[in-house]
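To keep things clear, I will list the structure first and then write my remarks on it.
2 protein chains.
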Amino acid sequence: MTDFKTRLNQMIDKLKANQHRITPQRMAVLKILATSKGHPSVEKIYEQVKRLFPTTSLATVYKSVALVKEFGEVLELGFTDGSNRYDGNKPYPHPHLVCTECRTIMDPSLSALADMTHELIQETGFKITNHRLDFFGICPECQKK
Amino acid sequence: MTDFKTRLNQMIDKLKANQHRITPQRMAVLKILATSKGHPSVEKIYEQVKRLFPTTSLATVYKSVALVKEFGEVLELGFTDGSNRYDGNKPYPHPHLVCTECRTIMDPSLSALADMTHELIQETGFKITNHRLDFFGICPECQKK
DNA sequence: TTGATACAAATAATCATTATCAAATTAAAT
DNA sequence: ATTTAATTTGATAATGATTATTTGTATCAA
Chain A
37 MTDFKTRLNQ MIDKLKANQH RITPQRMAVL KILATSKGHP SVEKIYEQVK
87 RLFPTTSLAT VYKSVALVKE FGEVLELGFT DGSNRYDGNK PYPHPHLVCT
137 ECRTIMDPSL SALADMTHEL IQETGFKITN HRLDFFGICP ECQKK
Chain B
37 MTDFKTRLNQ MIDKLKANQH RITPQRMAVL KILATSKGHP SVEKIYEQVK
87 RLFPTTSLAT VYKSVALVKE FGEVLELGFT DGSNRYDGNK PYPHPHLVCT
137 ECRTIMDPSL SALADMTHEL IQETGFKITN HRLDFFGICP ECQKK
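From first to last, the protein sequence lines stand for chains A and B. Quick note: to get this note's numbering, add 36 to the position in the first sequence (first position is 1). Quick note: to get this note's numbering, add 36 to the position in the second sequence (first position is 1).
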């Protein structure tokens with residue numbers, strides 16, 4: 037089975053297991069979240085869903101995204117400028133690399149982060165439950181321009 | 037000179053150098069930003085300013101904070117839940133440790149972050165201009181309860 | 001002191017997100 | 001297949017933090 041179908045089924049199972057229905061609109065949102073590599077915004081998801089179901093309301097997309105978020109099946113990335121982006125592929129905390137020119141968001145691999153977290157726990161006595169790490173900059177493409 | 041006065045003077049100089057006036061209300065906001073170790077919100081700043089100048093408008097506080105932010109003299113920490121907090125002591129990017137119970141925000145020292153940034157630049161070719169690193173958890177005090 | 005400009009206060013506007021609610025749809029039971 | 005009870009949708013209103021607007025006031029340099 038493809039990777040995205042595994043993710044999709046995981047989302048569906050999670051909803052079904054909690055007495056939530058899989059409607060066509062909701063399924064469309066789930067598919068987009070499971071497929072998109074580009075960390076889409078609600079508006080972007082809305083645009084795509086409307087192609088399949090033109091009468092879909094923006095509120096429905098918000099509610100569907102909130103639902104999968106509630107069950108930990110999507111990662112919400114809120115930014116200071118108000119834009120929220122979503123990652124349904126890796127719904128757990130991980131670092132992001134944001135190009136401030138073209139708004140592309142990438143997932144760099146930074147293995148040292150785990151060590152840093154452990155160091156932090158040792159030093160502060162905190163029980164760490166979550167984290168957020170974003171780097172902002174200009175991607176190679178945008179630097180050329 | 038005390039540390040906070042140095043910070044305060046730096047803020048004042050930056051504003052004056054850019055043809056901005058130091059009004060009593062604005063001075064009060066600057067002092068709070070330079071003094072507070074607790075990463076205050078706009079509302080918290082507003083409360084304090086009103087003690088000195090009861091007629092102060094919330095909009096004035098927003099504008100004052102936005103002004104010092106414009107000149108890089110305060111660090112804005114926007115959170116997903118909509119709450120914005122400000123750091124006038126260290127107005128440059130640095131890691132934060134947030135207790136999700138009592139909303140206390142601390143500044144842990146994580147020297148490994150610089151190495152991680154360099155590694156990222158090597159691997160991606162990005163020109164890194166900014167970053168944001170937050171750890172969320174329960175502080176030792178709140179764990180006792 | 002004056003004059004030009006910036007600023008403060010009060011309030012209206014904005015905009016992303018959330019809440020509301022009647023009508024439609026769903027999944028399960030008969 | 002129908003029925004049924006609950007959930008979901010779609011349209012729209014409400015929310016709330018932040019920003020813009022406006023008018024009168026305070027500031028600073030000459």
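Beta carbons are placed, not taken as given, at the ideal position from N, Cα and C, and that holds for glycine.
In the DSSP assignment, B/Y122 is bridged to B/E112.
The alpha-carbon of A/L133 is positioned some 8 Å away from that of A/G173. Around B/R62, the same chain offers S100 as residues with beta carbons nearer than 6 Å, after the five sequence neighbours per side are excluded. Cβ atoms of A/A64 and A/F89 come within 8 Å of each other, at about 7 Å.
The alpha-carbon separation between A/E109 and A/M47 amounts to approximately 6 Å. The continuous alpha helix (DSSP H) containing B/L44 extends over residues D39 to A53. For a Cβ distance threshold of 8 Å, nothing in chain B lies close to A/K181: the least Cβ distance comes to about 13 Å.
The C-beta of A/G114 comes closer than 8 Å to at least one C-beta of chain B.
Shown here, A/I174 sits in a strand according to DSSP, grouped into three states.
In this structure, B/G124 and B/S72 form a Cβ contact; the two beta carbons are roughly 7 Å apart against a cut-off of 8 Å.
When the beta-carbon positions are compared, B/L51 and B/L103 come within less than 8 Å of each other. Across the set A/T116, A/C175 and A/E155, the C-alpha of A/C175 shows the shortest separation from the C-alpha of A/P144. Inter-residue distance for B/S119 and B/S77 is about 7 Å (C-alpha atoms, whole angstroms). In chain order, C178 place their CB closer than 6 Å to the CB of B/C138, counting only its own chain and leaving out the 5 sequence neighbours on each side.
Pairing A/R168 with B/D170 gives a Cβ-Cβ distance under 8 Å.
A/K80 and B/D39 have their alpha carbons spaced roughly 47 Å apart. Judged by DSSP secondary structure, B/H154 falls within the alpha helix (DSSP H) whose first and last residues are A148 to T160. Straight-line measurement puts the Cα of B/K105 at about 25 Å from the Cα of A/I141. Residues of the segment 154–177 of chain B with a C-beta atom less than 8 Å from some C-beta of chain A are E155, L156, E159, T160, G161, F162, K163, I164, T165, N166, H167, R168, L169, D170, F171, F172, G173, I174, C175 and P176, listed in chain order.
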